[in-house]
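Here the structure is laid out as structure tokens; the discussion comes afterwards.
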Amino acid sequence: MSALRFRDDRPTLIGVVHLPPLPGAIRYGGLDVSTIVDFAVRNARTLDEAGFDAVILENYNDYPFRARVREPETIASMAIIAREVIKTATIPVGINLLRNSGPEAAAIAAVTGASFIRSNAYCEAVVSTEGIIEPVAREVLEVMTRLNTKITVLADIFVKHASPLHRMTIEDIAKDCIERSLADALVVTGPRTGEPPDPLLVRRVVKAVGTKILVGSGINPNNINDYRDTHGFIVGTYLKDEEGQIDPAKARNMVNIVKSLAKT
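In this note's numbering, the protein residues as written are 26 to 289.
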């Protein structure tokens, strides 16, 4: 599987496949894993064919979440799904195992050939409906060391659906996340899924650190131009139809809009 690389000519565009509830989740309804695999492969292919630069597989529907996934059947299912998507995708595949199972996601990525992970509380402690979520940077890097591999880490800061348990500025957290926790890129979100961040807040992060900054929630055709100075977008909610599938027309439209943001 190809590595995740950020584009130089325009912002990088990453699409999210929100998986149905996985085995081990409270809301799992007995759906056969092969059916979930088909769902993931089909939706990842839609993003691939539309021209997205990468895709993230996310256990979005496993709520209510634990701070960390403990169920082995959930981890095993995600590994099977990831492996099958990777076999058919021509773009890099990433893993986000909610709520903050970065080490588990890194292990899945390492054994399946996925290129990157996203971690919601990689370098800062936060409080959320799942309780206090502790940072996992050290554990993620230990997984890479044990498995002798390098996986790109996209780290959220001031993540949605949570509040930081500190008084540091977003600039200081951004610097620590890169310099001390060794994240490869940072993700800035709004307060909730589907809600965009304050553009001024995003610009503060871009100015503070010399690394890649992505907007990780709420991006749609009406507001994307507000974030044209960032390095990429992670888009999920806007792309879905009423049944939770990726809408091909919306996916192509998003690609065309991002192409219009070509850097000069």
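Note that the Cβ used here is the ideal one computed from N, Cα and C, for glycine as well.
Exposure label - L225; buried when at least 16 CB within 10 Å
exposed
Are the beta-carbon atoms belonging to F90 and G119 less than 7 Å from one another?
no
Nearest residue (CA-CA) to Y263, options T194, A276, N68 and H256:
A276
Select from G54, R228 and V165 the residue whose C-alpha is nearest the C-alpha of D209.
V165
Is the segment 62 to 73 touching the segment 86 to 101 in the sense that three or more CB pairs, one from each, lie closer than 8 Å?
no
According to the neighbour-count rule (16 or more other Cβ atoms, all chains shown, within 10 Å of its Cβ), is V184 buried or exposed?
buried
For the structure I just gave you, are there three or more beta carbon pairs, one from the segment 248 to 262 and one from the segment 49 to 66, closer than 8 Å?
no
Three-state secondary structure assigned by DSSP to S102:
helix
Beta-carbon within less than 7 Å of R35's beta-carbon, same chain only, minus the 5 sequence neighbours each way: which residues are those?
V283, K284, L286, A287 and K288
From what residue to what residue does the alpha helix (DSSP H) around L190 run?
Taken as a continuous stretch (DSSP letters only), L190 belongs to no alpha helix (DSSP H), as it is neither H nor E.
Quick one: what's got a C-beta closer than 8 Å to V230's C-beta in the same chain, skipping five residues either side?
I182, I195, E196, A199, L211, V213 and I238
Can you list, in chain order, the stretches of the beta strand (DSSP E) that have 3 or more residues and sit fully within the segment 150 to 223?
151 to 153, 156 to 158, 177 to 182, 187 to 189 and 210 to 213
Which stretch, first to last residue, makes up the alpha helix (DSSP H) that contains L72?
V58 to A75
Touching or not, the segment 126 to 137 and the segment 101 to 109, by the rule of three or more beta carbon pairs under 8 Å?
yes
Below 7 Å CB to CB, which residues in the same chain sit around V151 once its five sequence neighbours on both sides are set aside?
I158, V184, A187, S188, P189 and L190
Taking only three categories from DSSP, how would you classify V94?
coil
Distance between N281 and A274 (C-alpha atoms, nearest Å)
11 Å
Run through DSSP, which three-state label would G119 get?
strand
Report back the beta-carbon spacing between T99 and G49 to the nearest angstrom; my notes put them in contact at under 8 Å.
4 Å
Could you work out which residue in I203, N250, L207 and C202 is closest to D223 when comparing CA atoms only?
N250
Comparing alpha-carbon positions, which option in G215, L38 and L82 lies nearest R108?
L82
L123 to L47 span [Cα, whole Å]
12 Å
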